[in-house]
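So for the sequence shown, full-length UniProt numbering puts the first residue at 1; every next one is plus one. The block underneath contains the structure these notes are about, expressed in structure tokens.
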Amino acid sequence: MSDAKADSVARKKADTASSHTLLEGRLGYHVESALLVRALTHRSYAYENGGLPTNERLEFLGDSVLGLVVTDTLYRTHPDLPEGQLAKLRAAVVNSRALAEVGRGLDLGSFIRLGRGEEGTGGRDKASILADTLEAVIGAVYLDQGLDAASELVHRLFDPLIEKSSNLGAGLDWKTSLQELTATEGLGVPEYLVTETGPDHEKTFTAAARVGGVSYGTGTGRSKKEAEQQAAESAWRAIRAAADERAKAAEAARAAQPVDTADTADADEEPASA
Numbered sequence: 001m002s003d004a005k006a007d008s009v010a011r012k013k014a015d016t017a018s019s020h021t022l023l024e025g026r027l028g029y030h031v032e033s034a035l036l037v038r039a040l041t042h043r044s045y046a047y048e049n050g051g052l053p054t055n056e057r058l059e060f061l062g063d064s065v066l067g068l069v070v071t072d073t074l075y076r077t078h079p080d081l082p083e084g085q086l087a088k089l090r091a092a093v094v095n096s097r098a099l100a101e102v103g104r105g106l107d108l109g110s111f112i113r114l115g116r117g118e119e120g121t122g123g124r125d126k127a128s129i130l131a132d133t134l135e136a137v138i139g140a141v142y143l144d145q146g147l148d149a150a151s152e153l154v155h156r157l158f159d160p161l162i163e164k165s166s167n168l169g170a171g172l173d174w175k176t177s178l179q180e181l182t183a184t185e186g187l188g189v190p191e192y193l194v195t196e197t198g199p200d201h202e203k204t205f206t207a208a209a210r211v212g213g214v215s216y217g218t219g220t221g222r223s224k225k226e227a228e229q230q231a232a233e234s235a236w237r238a239i240r241a242a243a244d245e246r247a248k249a250a251e252a253a254r255a256a257q258p259v260d261t262a263d264t265a266d267a268d269e270e271p272a273s274a
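Below, the structure written as structure tokens:
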């Protein structure tokens, strides 16, 4: 190896180590270097560099760890909720959009090893990639530090979302909430038109929520269910806002109606004496 190439490799290793130190500082844990590298390796980078190990197995593991910790927390903090409500609460916390937001809070996208194709199409901020990588990182912490450490990490990252989910109301199940709202407003039953794009191993679903032939909102996700929930949320907010505006306008119209002073005066007069 030439001196120039050796220097380049050394600088790259130093940059990687510095980058990992920064990420570990945000996580609050040191993770064995090779394990963290794998957790940050997207399949696009692996395929472009001779078939390196990807983060998919760690993602699979981290998904289970995340689900266990969140489910355990919800079970313990909501002892009176039935299974169906607990499932809705968990879905409000463990979904690609929520995971992606947590990943953005860590600036996780800047640490991911991406292939040139994904890099060129904005992969560092793609919700599915951020969510998958965060799960892989959780899996790496579990393997390196154990369940207690992984659990502490999940609590630190997700407890605010868990608390918020308890106050979501309509947001626990947007499709059900939308159907209830459209029934109240006399608009009919919502329908969802779903399309899918991308390869079989990484499909993206897009859903449009239509009511009475009118599209009120769209959503995207890694599954049909997630896309429909996002579309339902968008539609619910649009229809709710329109209904609120109509209610305000009706109230303003009632307040603006003139008072019939003659009738008021007649009503106030005392009967004449006999």
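Using N, Cα and C, we set each Cβ at its ideal position, and we do this for glycine too.
As DSSP reads the structure, GLU191 sits in a beta bridge with ARG210. GLN229 sits away from GLY217, with the two beta carbons spaced by 8 Å or more.
In this structure VAL94 is in contact with LEU66, their Cβ atoms being roughly 6 Å apart against a cut-off of 8 Å.
By the Cβ criterion, the segment 54 to 70 is in contact with the segment 137 to 144, since at least three pairs of Cβ atoms, one from each stretch, lie closer than 8 Å. Along the length of the segment 110 to 152, whole alpha helix (DSSP H) runs at least 4 residues long occupy 116 to 120 and 127 to 145, reported in chain order.
For GLU196, the three-state secondary structure derived from DSSP is strand. Distance from the CA atom of THR54 to the CA atom of ALA242, rounded to whole angstroms, is 47 Å. Residue range 224 to 256 is occupied by the alpha helix (DSSP H) that includes LYS224. With the rule of 3 Cβ pairs closer than 8 Å, the segment 120 to 127 does not count as touching the segment 78 to 95. For LEU193, the number of other beta carbons within 10 angstroms of its own is below 16, and it is reported as exposed. By a beta-carbon distance limit of 8 Å, SER96 does not contact ALA136. Their separation comes to about 14 Å.
CA-CA distance, SER223 to HIS201, rounds to 12 Å. Only residues of its own chain outside the window of five on either side were considered, and among them ARG113, LEU114 and GLY115 have a CB closer than 6 Å to the CB of TYR45, listed in chain order. For the 8 Å CB-CB criterion, GLY221 and LEU187 do not form a contact. Here the alpha carbon of LEU35 sits roughly 39 Å from the alpha carbon of ALA232. Close CB contacts of LEU108 within its chain, under the 8 Å cut and outside five residues either way in sequence, are with LEU23, LEU130, THR133, LEU134 and VAL137 (chain order).
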